[in-house]
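Numbering (the numbering used here), first residue to last: 10 to 223.
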């Protein structure tokens, strides 16, 4: 299926969204993974995981507009990076959707299927001041923005060992039904960074991405 979204984001960067309807063979013929990439792919088990791995890399290539595809590997912490580019990247997937962000600054992205089960885990990632910003009518979607925001910030930090309630803060905000912005912070030990967060509801999914601002 064609790309669902591909657009520039401010201040600089690109975002893409792909709906996977293709079989593994479609991506394998186009990606032609070799070396470390092929080894990475062969370590994955399960049809869905392999499809997601291939789809995000093909989407990233289509977004680049390049003739030759850039090799995409993971660092020691599992964070993806392009071998021949200074751009930072981040991936996410939910059901048949995969999404990619690429930017010259620290970035992260998350997409989640909106589900009532988010209530059961809210206590694990929501701070008291964040909970107070929720309203009854939009509570479920608002919670998904907070969750997606913290997942995106976690990926942007990229070194793991972050506690969502202790180290990742999202400034309380009023939820807009279709899309909006808010501000997030990652604070741990000597590290401190602020990010602009953007969110968008796409059918029954919540897409959130972050870009470092300081």
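Glycine included, each C-beta is placed from N, C-alpha and C at the ideal position.
Beyond the five residues adjoining it in sequence on each side, residue 96 comes within less than 7 Å, by CB distance, of 111, 112 and 113 in the same chain, given in chain order. If you ignore the 5 residues before and after residue 29, its C-beta comes within less than 7 Å of the C-beta of 60, 64, 105 and 107, all in its own chain and listed in chain order. Residue 161 sits away from residue 195, with the two beta carbons spaced by 8 Å or more. In this structure, the CA atom of residue 212 is about 12 Å from the CA atom of residue 13. Apart from sequence neighbours up to five positions away, the residues of its chain that approach residue 125 with a beta-carbon distance below 7 Å are 149, ordered along the chain. Taking a cut-off of 8 Å on C-beta distances, the stretch 133-143 touches the stretch 170-183, as three or more cross pairs fall below it.
By the CB criterion at 8 Å, residue 215 and residue 204 fall outside the cutoff. By the neighbour-count criterion, in which a residue is buried when 16 or more other Cβ atoms sit within 10 angstroms of its Cβ, residue 200 is exposed. Taken through DSSP and simplified to helix, strand or coil, residue 142 comes out as coil.
In this structure, DSSP gives residue 147 a helical state, which the three-state scheme calls helix.
Taking 8 Å as the cut-off, the beta carbon of residue 79 is found closer than this to the beta carbon of residue 92. Excluding residues up to 5 positions away in sequence, 180 lie with their Cβ nearer than 6 Å to the Cβ of residue 192 in the same chain. In the three-state scheme derived from DSSP, where H, G and I count as helix and E and B as strand, residue 153 is classed as helix. Nearest Cα to residue 47 within the set 66, 31 and 57: 66. Separation of residue 11 and residue 36 (C-alpha to C-alpha, rounded to the nearest whole angstrom) is 13 Å.
For residue 46, the enclosing alpha helix (DSSP H) stretches over residues 44-51. Residue 23: member of the beta strand (DSSP E) spanning 23-28, first to last residue.
Distance from the CA atom of residue 39 to the CA atom of residue 75, rounded to whole angstroms, is 13 Å.
In chain order, 56, 59, 60 and 63 place their CB closer than 8 Å to the CB of residue 33, counting only its own chain and leaving out the 5 sequence neighbours on each side. Taking the Cα of residue 129 as reference, the smallest distance to any Cα among 185, 117, 109 and 153 is reached at 153.
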